[in-house]
Amino acid sequence: MSDGTPNQLGTYLRDRRIRLDPATFGFVGGRRRTPGLRREEVAARANISPTWYTWLEQGRGGAPSADVLDRIAKGLMLTEPEREHLYMLGLGHPPEVRYQPVDGLTPRLQRVLDAMPLSPAIIKTAMWDVVGWNGAAAALLTDYSKLPREQRNILRLMFSSSRIRAKQGNWESVARFVVGAFRADVARAGASGSAEVTALVGELCRASREFEALWRDNNVVAHGEGVKCIQHPDAGSLDLEFSSFAVEGRPELGMIVYNPASPADAERLRALIESKAV
Numbered sequence: 272m273s274d275g276t277p278n279q280l281g282t283y284l285r286d287r288r289i290r291l292d293p294a295t296f297g298f299v300g301g302r303r304r305t306p307g308l309r310r311e312e313v314a315a316r317a318n319i320s321p322t323w324y325t326w327l328e329q330g331r332g333g334a335p336s337a338d339v340l341d342r343i344a345k346g347l348m349l350t351e352p353e354r355e356h357l358y359m360l361g362l363g364h365p366p367e368v369r370y371q372p373v374d375g376l377t378p379r380l381q382r383v384l385d386a387m388p389l390s391p392a393i394i395k396t397a398m399w400d401v402v403g404w405n406g407a408a409a410a411l412l413t414d415y416s417k418l419p420r421e422q423r424n425i426l427r428l429m430f431s432s433s434r435i436r437a438k439q440g441n442w443e444s445v446a447r448f449v450v451g452a453f454r455a456d457v458a459r460a461g462a463s464g465s466a467e468v469t470a471l472v473g474e475l476c477r478a479s480r481e482f483e484a485l486w487r488d489n490n491v492v493a494h495g496e497g498v499k500c501i502q503h504p505d506a507g508s509l510d511l512e513f514s515s516f517a518v519e520g521r522p523e524l525g526m527i528v529y530n531p532a533s534p535a536d537a538e539r540l541r542a543l544i545e546s547k548a549v
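Residue numbers (the working numbering): 272 to 549.
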């Protein structure tokens, strides 16, 4: 069911159409009575019938298919948020998520992490590759800058690193939670069954019987928030509250922020961070 009326969809299409410069697309010559592309030009770019497109703008074309909306979005050069809005007006739901592998962070996102000097924070992909972290996370969790990129994966570290395993207050519980949250994340990002996920799961199953058993359980959990206990070799036992946040417009990314659960934990964490910064 559409989230908007046919007239709302038509108005939105017309608004996007008249904002486009015909010369950008090679449509030159002849005087135009109205700004932007003509309807038949959008239809040609979208590879749909001019009559069908005209009917959509006039609010009498019925419910378009997802394929038609994608063609129109491409023809109108819509941004991803604009394409999502087009789906909401035309079909009443957002488009299916397109999984996109991530290669690094924008400087703006890194500045968000760095603005929390006493709160360890990371940004991870749906594959649980850590692609961003701040100094506090490097001090408390792992200094990811010292690891090759392929090793900056939370699942690989959890099931192959004795150092990371020793840091967990209850490794078995944490491992079960991580695997369940990973399964939920790849589904949410549209990556289930992708070659990347299949390869990673296969690798982990071969390397760890514990991961294989947990994966076969098909457990799914929401990351959300909770409390994590870390046994740090320098700072001792630390309880940290964690909260997970989606990165707007980037369904393949998630941010996790850790905060001390008590004043005593805060003091130990501050001392650890300051010692690593020297």
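C-beta atoms are modelled at their ideal positions from N, C-alpha and C, and glycine is treated no differently.
Only a predicted model underlies this, so the values are computations on that prediction, with no experimental measurement involved.
Out of E519, S515 and L511, the CA that lies nearest to the CA of A535 is found in L511. For R423 and V472, the gap between their C-alpha atoms comes out near 16 Å. Annotated as distal: S463 and G495, with beta-carbon spacing of 7 Å or more. Secondary structure within the segment 332-416: the alpha helix (DSSP H) runs of 4 or more consecutive residues, fully enclosed, are 337-346, 351-362, 378-385 and 406-411 (chain order).
Runs of the alpha helix (DSSP H) lying entirely within the segment 414-487 and spanning at least 4 residues, in chain order: 425-431, 433-438, 442-459, 466-478 and 480-487. A517: member of the beta strand (DSSP E) spanning G507 to V518, first to last residue. Taken atom to atom, the span from the alpha-carbon of G507 to that of A542 is near 11 Å.
Going by DSSP, V498 is part of no alpha helix (DSSP H) but of the beta strand (DSSP E) stretching over E496 to H503. Per DSSP, the unbroken alpha helix (DSSP H) holding S546 starts and ends at P534 to A548. In the displayed model, L524 falls within a strand according to three-state DSSP. Annotation: the continuous alpha helix (DSSP H) that includes T325 extends over P321 to Q329. Boundaries of the alpha helix (DSSP H) around R316: R310 to A317. Contact between P388 and L411 fails: their C-beta atoms lie close to 12 Å from each other, not under 8 Å. When C-alpha distances from T350 are compared across R539, R303, R287 and F298, the shortest belongs to R287. Apart from the 5 residues on each side of it in sequence, A517 sits with its Cβ closer than 7 Å to the Cβ of G525 in its chain, given in chain order. A contact is defined here as three or more CB-CB pairs under 8 Å, and the segment 308-322 meets this definition with respect to the segment 334-344. Within 10 angstroms of the beta-carbon of R477 lie fewer than 16 other beta-carbons, which makes it exposed. Judged by their CB atoms, L426 and L376 are not nearer to each other than the 7 Å cut-off.
Residues C476 of the same chain have their beta carbon placed closer than 7 Å to that of E483, with the five preceding and five following residues left out of the count.
The Cβ-Cβ distance between V402 and G451 does not fall below 7 Å. One Cα belongs to D505, the other to A470, and the distance between them is close to 36 Å. Considering only I343, R447, F430 and F298, the residue with the shortest C-alpha distance to D488 is R447.
Taking the Cα positions, P531 is about 38 Å away from P366. Sequence-distant Cβ neighbours of N278 in its own chain, meaning closer than 7 Å and more than five residues away, are G330. In the three-state reduction of the DSSP assignment, N490 falls in the coil class, being assigned neither a helical nor a strand state.
Distance from the CA atom of V313 to the CA atom of I343, rounded to whole angstroms, is 7 Å. The beta-carbon separation of N405 and L384, rounded to 4 Å, stays under the 8 Å limit for a contact.
Residues of the same chain with a CB within less than 7 Å of the CB of G497, apart from the 5 flanking positions on each side, are F513 in chain order.
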